[in-house]
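Residues 1 to 71 (UniProt numbering) make up the sequence shown, in order.
By construction, the Cβ of each residue, glycine as well, lies at the ideal position given by its N, Cα and C atoms.
Source: prediction; values computed, not measured.
Contents: one structure, followed by commentary.
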Amino acid sequence: MKNVVTTRREAAGLSQGELAEEVGVTRQTINAIERERYDPSLELAFELADHFDCRIEDLFEPELDGNGSES
């Protein structure tokens with residue numbers, strides 16, 4: 001899933017490890033999200049949005065298939 005987690009994290013001056021600690025996951029999880037290799041759980045998406053004081057939709061954009069549906 002496309003996301004702007006890296007941009008938000010860097011703007012906040014945080015390392016992947018620091019962000020991971022603040023939202024209760026591993027650095028590897030943050031890395032996988034940022035590289036779009038892992039879609040976070042709904043709970044983690046809410047944690048990240050809360051941390052960055054924004055909406056989930058401001059962080060994540062679902063990839064749509066040609067019919068406008070999520071793939």
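- Secondary structure of Phe46 (DSSP, three-state): helix.
- Remark: C-beta atoms of Glu21 and His51 do not approach each other more closely than 8 angstroms.
- DSSP places Arg27 inside the alpha helix (DSSP H), whose first and last residues are Arg27 to Glu34.
- In this structure, Leu19 and Arg35 do not form a Cβ contact; the two beta carbons are roughly 14 angstroms apart against a cut-off of 8 angstroms.
- For Leu59, the uninterrupted alpha helix (DSSP H) segment begins and ends at Ile56 to Leu59.
- Where Leu19 is concerned, the enclosing alpha helix (DSSP H) starts and stops at Gln16 to Val23.
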